[in-house]
Amino acid sequence: MLVVLRPDGGYSLGVSDHEATQRMADRIRLRVFEHVLANNGGYLSQACSSAEQLAVLYSGAVRMAPLAAPLAPPPFVAVPGPGLERVSGGAFHGPKAPDLDRLIISPAHYALVIYSALIEAGRLDETALASFNVDGSTVEMIGAEHSPGFETTTGSLAQALSTAGGIALARRMKKETGRVVVFMSDGEFQEGQTWEAFQALAFHKLDTIRVLVDVNGGQCDGPMDSVMTIEPLAARLEAFGASVDSVDAHDVPALHAALTRETGRPHVVLAYSDPTRGIPLLEERRPILHYLRFTGSEERDRYRAAYESMLETS
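Numbered continuously in this note's numbering, the sequence shown closes out at residue 387.
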């Protein structure tokens, strides 16, 4: 569903346009690719693997209030404390309401992709990436609670799911009907806290939780199956009390259907993705795809040519 701003300032829900969502995903990849070229590196494979997932989240699978106009990122002032106003990146998701969803971003190193998705969704000013990773900016390389799109600091990988569970439990106690949606990476299932969180979600029967996992098969040390395998992931999650859909991460209609269906349990969508999707030149980097730093001008020129080719066909 798409959240549509009405003339009276309220919101209503409309039907998602899957073709428009795919175009948004393509633009997310291009925007990240452009930034990586300009800055001699970045988390490019994460954009390849997750563009469709984030496009689906930000084009309506997560019910958010609309914004009148894209927001400019505020400057970083200080770490929150007594007497200091808390700056929350959740402001880019719009005003909170009992019937609207909350989106919690877990893998903070996906920040560049998150910012790009917010820009394409019309929630973040398109000039925001000019202050990416600059001193005094909230547009941080690794997202924190003040960074656009990050409602909370998620700490070490796997802490966001526990945070989301607490939010979902509190919302139920307050009789709010909105869901809590968590975007995760598959590497977080190598962490024990993830499994403790799923036990708690199942025990408290938190059926308003939706978890979308970018299963791209890699982490900073290399392929997941060579570091510590997490498969059979669907069966393990079901054993911990969740319901599970396994889908092609680049199939927009399948992602949308899986995220929006009701199951009566904490629901997980395992989105099996290609970390080179749209940029086949990245295949040369296997098996280490976590972060791209160009080895020299020759390699950078080849990537620029690939980018320009994408522009021509977009």
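We put the beta carbon where it would ideally sit given N, CA and C, even for glycine.
Small disclaimer: the values here were computed from a predicted structure and weren't measured.
Could you check the C-alpha separation between Asp259 and Asn289 for me, to the nearest Å?
-> Residue mapping note: residue 259 aligns to position 186 of the sequence shown, counting from 1. Residue mapping note: residue 289 aligns to position 216 of the sequence shown, counting from 1. One C-alpha to the other measures close to 7 Å.
Mind checking which residues open and close the alpha helix (DSSP H) that includes Ile192?
-> Numbered from 1 along the sequence shown, position 119 holds the residue referred to as residue 192. Taken as a continuous stretch (DSSP letters only), the alpha helix (DSSP H) holding Ile192 covers Ala184 to Glu193.
Report yes or no: do three or more beta-carbon pairs, one from the segment 305-319 and one from the segment 374-382, lie closer than 8 Å?
-> Contact between the segment 305-319 and the segment 374-382 is absent, with fewer than three C-beta pairs closer than 8 Å.
Is the beta carbon of Leu173 less than 8 Å from the beta carbon of Gly251?
-> In the sequence shown, the residue the question calls residue 173 occupies position 100. In the sequence shown, the residue the question calls residue 251 occupies position 178. Less than 8 Å separates the beta-carbon of Leu173 from that of Gly251.
Which residues does DSSP pair with Gly115 in a beta bridge?
-> If you number the sequence shown from 1, residue 115 lands on position 42. The beta-bridge partner set that DSSP reports for Gly115 consists of Leu365.
According to the Cβ coordinates, are Val255 and Leu242 closer than 8 Å?
-> The sequence position of residue 255 within the sequence shown is 182, counting from 1. The sequence position of residue 242 within the sequence shown is 169, counting from 1. Their beta carbons are not under 8 Å apart, which means Val255 does not touch Leu242 by this criterion.
Residues sharing a beta bridge with Gln292, DSSP = Stepping through the sequence shown from its first residue, residue 292 is reached at position 219. In DSSP, Gln292 forms a bridge with Gly295.
I think Ala190 touches Gly216, with their Cβ atoms under 8 Å apart; what is that distance to the nearest whole Å?
-> Counting from one through the sequence shown, the residue named residue 190 turns up at place 117. Counting from one through the sequence shown, the residue named residue 216 turns up at place 143. Not really, about 12 Å apart at Cβ, beyond 8 Å.
Is Gly115 closer than 8 Å to Phe165 when the C-beta atoms are compared?
-> To locate residue 165, count along the sequence shown from 1; it is residue 92. To locate residue 115, count along the sequence shown from 1; it is residue 42. Their beta carbons are not under 8 Å apart, which means Phe165 does not touch Gly115 by this criterion.
Start and end of the alpha helix (DSSP H) containing Phe276?
-> Position 203 of the sequence shown, counted from the first residue, corresponds to residue 276. Per DSSP, Phe276 belongs to the alpha helix (DSSP H) from Gly265 to Phe276.
Terminal residues of the continuous beta strand (DSSP E) containing Ser319?
-> As a working note, residue 319 is residue 246 in the sequence shown. Ser316 to Asp321 is the span of the beta strand (DSSP E), which, as asked, contains Ser319.
CB contact flag (Pro348, Leu362, <8 Å) | As a working mapping, residue 348 is identified with position 275 in the sequence shown. As a working mapping, residue 362 is identified with position 289 in the sequence shown. Contact: yes.
Can you check DSSP and say which residues form a bridge with Met257?
-> Residue mapping note: residue 257 aligns to position 184 of the sequence shown, counting from 1. For Met257, the beta-bridge partners assigned by DSSP are Val286.
Could you tell me if Val129 is buried or exposed, where buried requires 16 or more neighbouring beta carbons within 10 angstroms of its beta carbon?
-> If you number the sequence shown from 1, residue 129 lands on position 56. Counting Cβ neighbours within 10 Å, Val129 comes out buried, since at least 16 surround it.
Burial state of Thr386 (16 or more Cβ within 10 Å) = If you number the sequence shown from 1, residue 386 lands on position 313. Exposed is the call here.
C-alpha gap between Met97 and Thr267, whole angstroms | Counting from one through the sequence shown, the residue named residue 97 turns up at place 24. Counting from one through the sequence shown, the residue named residue 267 turns up at place 194. So the two alpha carbons sit approximately 30 Å from each other.
With a threshold of 16 other CB atoms inside 10 Å of the CB of Phe262, please say whether the residue is buried or exposed.
-> Taking the sequence shown and counting its residues from 1, one reaches residue 262 at position 189. Buried, because 16 or more other Cβ atoms sit within 10 Å of the Cβ of Phe262.
State the Cα-Cα distance for the pair Ala330 and Glu199, rounded to the nearest angstrom.
-> Position 257 of the sequence shown, counted from the start, is the residue given in the question as residue 330. Position 126 of the sequence shown, counted from the start, is the residue given in the question as residue 199. Between Ala330 and Glu199, the C-alpha separation is close to 30 Å.
How far does the alpha helix (DSSP H) with Ala330 in it reach, from first residue to last?
-> Within the sequence shown, residue 330 is the residue found at index 257, counting from 1. Where Ala330 is concerned, the enclosing alpha helix (DSSP H) stretches over Val325 to Thr333.
Where does Arg196 sit, in a helix, a strand or coil, going by DSSP?
-> On the sequence shown, residue 196 is found 123 positions in, with the first residue counted as 1. Three-state result, Arg196: coil.
Measure the C-alpha to C-alpha separation of Glu224 and Arg159 and round it to an integer number of angstroms.
-> What you label residue 224 is simply residue 151 of the sequence shown in a count that begins at 1. What you label residue 159 is simply residue 86 of the sequence shown in a count that begins at 1. If you draw a straight line from the Cα of Glu224 to the Cα of Arg159, it is about 11 Å long.
Exposed or buried, Cys293, counting other C-beta atoms within 10 Å across all chains shown (16 or more means buried)?
-> Within the sequence shown, the letter at position 220 stands for residue 293. Exposure of Cys293 is indicated by the presence of fewer than 16 other C-beta atoms within 10 angstroms of its C-beta.
Just the C-alpha distance for Leu197 and His91, rounded to the nearest angstrom, thanks.
-> Locating residue 197 in the sequence shown gives position 124, where the first residue counts as 1. Locating residue 91 in the sequence shown gives position 18, where the first residue counts as 1. Spanning the two alpha carbons is a distance of roughly 22 Å.
Between Ser122 and the rest of its own chain, which residues show a CB-CB distance below 7 Å, the 5 nearest in sequence each way excluded?
-> The residue you call residue 122 lines up with position 49 of the sequence shown. The beta carbon of Ser122 sits closer than 7 Å to the beta carbons of Asp287, Asn289, Ala322, Ser346, Asp347, Pro348 and Arg350 from its chain, once the five residues preceding and following it are set aside; these are given in chain order.
Measure from the alpha carbon of Arg366 to the alpha carbon of each residue in Gly295, Asn112 and Glu107, then state which is nearest.
-> Looking up residue 366 in the sequence shown gives position 293. If we check each option's Cα against that of Arg366, Asn112 comes out closest.
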